[in-house]
Amino acid sequence: MSNGLSKILLVYISLLFVFIGGLLPSMVKAAGTASLSLVSSKRTYTVGDNFTASVILSTGGVSINAASATITFDQSKLSVVSVARSGSVFTLWAEEPTFSNSQGIISFGGGLPTPGFSGSGATLIRVAFRAKAAGQTAVRFSSGTVLANDGKGTNVLAGLGSLELTIAAATAPPSTPIPAQPERAPTTTPAGEVPVAPVIVSRTHPDDSRWYKNTTPGFIWELPTDAKGVSVSTDQNLEGDPGTKSLGLFNFYTAKEPLKDGVWYAHVRLSNSRGWGATGHYKIAIDTSPPTITSAKIVSEAARARAIEFSTTDKLSSTDHVAIMLDGEEIATAASSPYTLPSLSAGNHVITITAVDKAGNKGAEDLYLSIIGAEPSVITVRNILPTILALLLAIILAVVFVVWYIHERHHRKVILTELAKTRKELKGMSQKLRALENKLKTNANNTNLNAPPAKTQSQNVPPAKP
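Counting from 1, one number per residue, gives the positions in the sequence shown under UniProt numbering.
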């Protein structure tokens, strides 16, 4: 192979490897971008509301083993109630989650052992806020790092999100109307008899077969015209007796102290000039404890339709129904597990599962999901390495073929050139030999023409002696 061809081939191979060397890091970098974001179930709250915002990690397909961040907030509009790391993907904490309401800062730093974590929608910490003043505000990252589990601690953080919030002014709650006292019933107790057991009704707890979360029930009853005294009590005994000590003459009563959760009974007795009558009873079922959502999780990552599973428990009134909200909008009012979510767009999403018990108490749990690009996919050096190797092999084979082809073409050209030269030389030699042959023939002919004639033997020559 000629020196010129070798130089061209060397330049070609050098450019090829420079191209591959520049392409591979860009592919790895594009596959390894991580992000930190802040999410909450809603974007609008009212002054006095408590709400939770979660710090969410998405690794972009890279395995990471540590992350840290500093978060700022407007302390004139928000205050931090608590910071929790329960449910975090991290198990090790270089810096425990802390906050300062005077400075408006939250910070944390955590990690986990090898093989680290790779995925999206992972919760790092949860921050409980309280809305203090009306207006627009935001919770933002001022700094952050996400370190790859590559033995070098490479910072693969590519983006920091923020949480934009609207705090609405609180409105004065409507005053609780005082139940109107019924008019005195125009009834009298039959002469010579004590009052019958009063029929008790409640405007705060009108159905004695249902559960309520109101802890201060009120009751009313009819008061006969000849009544002289009323005795009232509340307890958890179906057959309770308020006794015979009159508390006055009245036909309504409201519990003086909030009642604890459970089944209670109101007992009322009336008296007249003949004595105390029988006791009337009324059942009140109180449940102020919200249902608990357990085992809430995303169980399907297929396409863009996710399925979630959950279970609920409620100690007293039992769960009535479960509602599902997606990014603050209700998408189901009576969901059952498992529940399939609609197709999701790219970005961060909050799925809120709310269980409502038969007393109207609500318990909620948030799930966080991050969809990157057109479709969440995990692209790592490990799973693109076979493709890269196949590409390199194909390029090398192509280079070998090109080199062989160029070499063969050059070699053939040289052979043809030498062959043509040899043919030309042979042709010239053939012409010279033919000319020489002709010349020799001509010379031979000339020699024969110039030679003297041959002598003949005389007849007079004496014969030889015997």
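Glycine is no exception: its CB is placed at the ideal position from the N, C-alpha and C atoms.
Beta-carbon proximity list for residue i, same chain, < 7 Å, skipping 5 on both sides
{"i": "D287", "result": "W211, K213, D261, L316, S317, D357, A359, N361"}
{"i": "L391", "result": "none"}
{"i": "K245", "result": "S231"}
{"i": "S26", "result": "Annotation note: pLDDT 44 at S26 (below 50); position unreliable, coordinate value reported separately. So no residue of the chain qualifies."}
{"i": "L433", "result": "none"}
{"i": "G135", "result": "K77, I167"}
{"i": "G240", "result": "S233, Y265, H267"}
{"i": "S377", "result": "Low confidence applies to S377: its pLDDT is 43, below 50, so where it sits in the model is not reliable, and the reading given next is rough at best. Excluding residues within five positions, none has a Cβ falling inside 7 Å."}
{"i": "L38", "result": "A53, V55, V139, G161, S162, L163"}
Closest Cα partner of residue i within the set the options
{"i": "S102", "options": "A128, P113, D74, E95", "result": "D74"}
{"i": "Y265", "options": "W276, Y253, S273", "result": "Y253"}
{"i": "P258", "options": "P217, T98, A285", "result": "P217"}
{"i": "I308", "options": "T340, A398, T279, T387", "result": "T340"}
{"i": "F250", "options": "A285, P198, L416, Y282", "result": "P198"}
{"i": "A34", "options": "F99, L270, G144, T234", "result": "G144"}
{"i": "P338", "options": "H267, L326, S295", "result": "S295"}
{"i": "A247", "options": "T225, S336, L270, L326", "result": "Rather than Ala, the amino acid found at residue 247 in this sequence is Leu. Considering only alpha carbons, the answer is L270."}
{"i": "V196", "options": "N237, A158, G275", "result": "G275"}
{"i": "H349", "options": "T333, S336, E365, G328", "result": "G328"}
{"i": "S86", "options": "A169, I396, G110, D235", "result": "G110"}
{"i": "I351", "options": "L393, T234, R306", "result": "R306"}
{"i": "F99", "options": "V127, T114, V299", "result": "V127"}
{"i": "A94", "options": "I284, S82, S107", "result": "S107"}
{"i": "V83", "options": "L157, F51, A67, I64", "result": "F51"}
{"i": "I105", "options": "L112, V81, T114", "result": "V81"}
{"i": "T171", "options": "D49, V194, D235, M325", "result": "D49"}
{"i": "H205", "options": "V156, K427, A255, L157", "result": "A255"}
Neighbourhood of residue i by C-beta distance below 8 Å, restricted to the same chain and skipping five residues each side
{"i": "A133", "result": "V47, S76, K77, I167"}
{"i": "S79", "result": "N101, F129, R130, K132"}
{"i": "S273", "result": "D226, K228"}
{"i": "I200", "result": "F219, I220, W221, A266, V268, G280, H281, Y282"}
Nonlocal neighbours in the same chain, by C-beta distance under 6 Å from residue i, ignoring five residues either side
{"i": "R44", "result": "Per the sequence presented here, residue 44 reads as Thr, with Arg not at that position. So the list reads T166, once near-sequence residues are dropped."}
{"i": "A355", "result": "P291, I293, T312, T319, V322, G363"}
{"i": "T154", "result": "A148"}
{"i": "R140", "result": "T72, S162"}
{"i": "G159", "result": "S35"}
{"i": "V89", "result": "F117, A122"}
{"i": "A334", "result": "H321"}
Residue range of the unbroken beta strand (DSSP E) whose run includes residue i
{"i": "L165", "result": "162-168"}
{"i": "D366", "result": "362-371"}
{"i": "R269", "result": "262-272"}
{"i": "G110", "result": "105-111"}
{"i": "S295", "result": "292-298"}
{"i": "R126", "result": "122-131"}
{"i": "T44", "result": "44-46"}
{"i": "E309", "result": "307-313"}
{"i": "R85", "result": "Here R85 belongs to no beta strand (DSSP E), and DSSP marks it neither H nor E."}
{"i": "H281", "result": "275-286"}
Local conformation of residue i per DSSP, three classes
{"i": "L223", "result": "coil"}
{"i": "V230", "result": "strand"}
{"i": "L326", "result": "strand"}
{"i": "A346", "result": "coil"}
{"i": "V236", "result": "In the sequence on display, residue 236 carries Gln and not Val. In the structure shown, Q236 sits in coil (DSSP, three-state: anything other than H, G, I, E or B)."}
{"i": "K245", "result": "coil"}
{"i": "H321", "result": "strand"}
{"i": "L252", "result": "The sequence given here places Phe at residue 252; Leu does not occur at that position. Three-state DSSP puts F252 in a strand."}
{"i": "R210", "result": "coil"}
{"i": "E95", "result": "strand"}
{"i": "D357", "result": "strand"}
{"i": "L57", "result": "strand"}
{"i": "N65", "result": "strand"}
{"i": "N101", "result": "coil"}
{"i": "G116", "result": "coil"}
{"i": "M27", "result": "At M27, the pLDDT of 46 sits below 50, so the modelled position is not reliable; the number obtained from the coordinates is stated separately. Looking at M27 - three-state DSSP - the assignment turns out to be helix."}
{"i": "L147", "result": "strand"}
Short CB-CB distance (under 8 Å) between residue i and chain D
{"i": "T154", "result": "Of the protein chains in the structure, only one exists, and it is not chain D."}
(message) Extract the residue ranges of the alpha helix (DSSP H) inside the region 379-452, only unbroken runs of 4 or more that lie entirely within it.
(response) 381-450
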